[in-house]
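Undergrad: Dumping the structure here so I can ask a few things about it.
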Amino acid sequence: MSLTKQTPDRGHVGFDWRGRSGETVTGEDAAHHLEATLALLDKHGWTRATVTGEDAVDHLAGADETWKVKRLLLGLVRTVSDLIKDEDGPLTLGLALRRVAVDGGDDDTETVADRCITTILRLRTGARHPSLTAWAGRRGRTQSEIRDLLTEAAAFARKYGPARV
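Going by UniProt numbering, the first residue of the sequence shown is number 1, and it counts up by one from there.
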């Protein structure tokens with residue numbers, strides 16, 4: 001059942017449709033970003049994001065003032081390398097959102113698309129500040145659940161987002 005149909009007024013009250021540039025993003029542009037993310041994940045596959053444990057992909061997890069400069073720089077280089085490498089392997093949801101911003105969207109559409117997803121997660125979980133990375137990385141999460149989330153977030157954007165002027 002779609003939460004945007006179930007709770008039509010709760011999700012968009014006070015929603016900020018502006019990107020980091022301060023410019024307004026239309027609902028259609030945000031929906032397009034979300035659907036392009038879905039298409040990218042359909043093409044390359046999805047893998048859950050893990051930031052702790054032995055299968056961690058966050059090279060800077062646990063960084064603090066005790067880390068030596070060499071260790072920090074190595075973590076930064078590995079993180080940047082993960083973000084820019086062009087591979088056909090599965091992507092995390094966050095990386096797919098970012099790649100769409102670089103390849104066909106922009107920072108503003110990525111920002112608003114992320115807010116749309118977060119709004120749907122708030123409606124689903126009741127949490128005030130759900131983490132997209134933690135939600136997508138939860139053990140047992142499936143690509144089908146990611147697909148449903150992106151589809152619902154795109155529907156939310158189209159229904160509640162501002163129109164092009």
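Glycine included, each C-beta is placed from N, C-alpha and C at the ideal position.
Thinking ALA136 and ARG48 are a contact (beta carbons under 8 Å), I'd like their distance in whole angstroms, please.
TA: In the sequence shown, residue 136 corresponds to position 136, counting from 1. In the sequence shown, residue 48 corresponds to position 48, counting from 1. Going by Cβ atoms, the distance from ALA136 to ARG48 rounds to 6 Å, so yes, they are a contact pair.
Undergrad: On the premise that GLY19 lies in contact with VAL112, defined as a C-beta separation below 8 Å, what is that separation, rounded to the nearest angstrom?
TA: By 1-based counting over the sequence shown, the position of residue 112 is 112. By 1-based counting over the sequence shown, the position of residue 19 is 19. Contact flag correct, Cβ pair sits at about 6 Å.
Undergrad: Using only alpha-carbon positions, find the residue among ASP29, GLU23, LEU149 that is nearest to GLY94.
TA: Position 94 of the sequence shown, counted from the first residue, corresponds to residue 94. Nearest C-alpha to GLY94: LEU149.
Undergrad: What does ARG18 pair with, by DSSP beta-bridge criteria?
TA: Stepping through the sequence shown from its first residue, residue 18 is reached at position 18. The partner list for ARG18 (beta bridge, DSSP) reads THR24.
Undergrad: Could you tell me if THR163 is buried or exposed, where buried requires 16 or more neighbouring beta carbons within 10 angstroms of its beta carbon?
TA: On the sequence shown, residue 163 is found 163 positions in, with the first residue counted as 1. Looking at the sequence shown, residue 163 is not Thr but Ala. Exposed: under 16 other Cβ atoms inside 10 Å.
Undergrad: Identify, in the order they occur along the chain, each residue of the same chain with its Cβ nearer than 7 Å to the Cβ of ALA30, setting aside the five sequence neighbours on each side.
TA: Stepping through the sequence shown from its first residue, residue 30 is reached at position 30. Correct list, in chain order: THR109, VAL112, ALA113, CYS116, ALA157, GLY161.
Undergrad: Going by DSSP, what residue range makes up the alpha helix (DSSP H) through LEU95?
TA: Sequence index remark: in the sequence shown, residue 95 carries index 95 (1-based). LEU95 -> alpha helix (DSSP H) spans 93-103.
Undergrad: Looking at the structure shown, is residue 168 part of a helix, part of a strand, or coil, going by DSSP?
TA: Outside the shown range of the chain (1 to 165) lies residue 168, about which nothing can therefore be said.
Undergrad: For ASP64, which residues from the same chain have a beta carbon less than 6 Å from its beta carbon, with the 5 sequence-adjacent residues on both sides left out?
TA: Position 64 of the sequence shown, counting from 1, holds the residue named residue 64. None.
Undergrad: DSSP three-state call for THR118: helix, strand or coil?
TA: Numbered from 1 along the sequence shown, position 118 holds the residue referred to as residue 118. THR118: helix per DSSP, three-state reduction.
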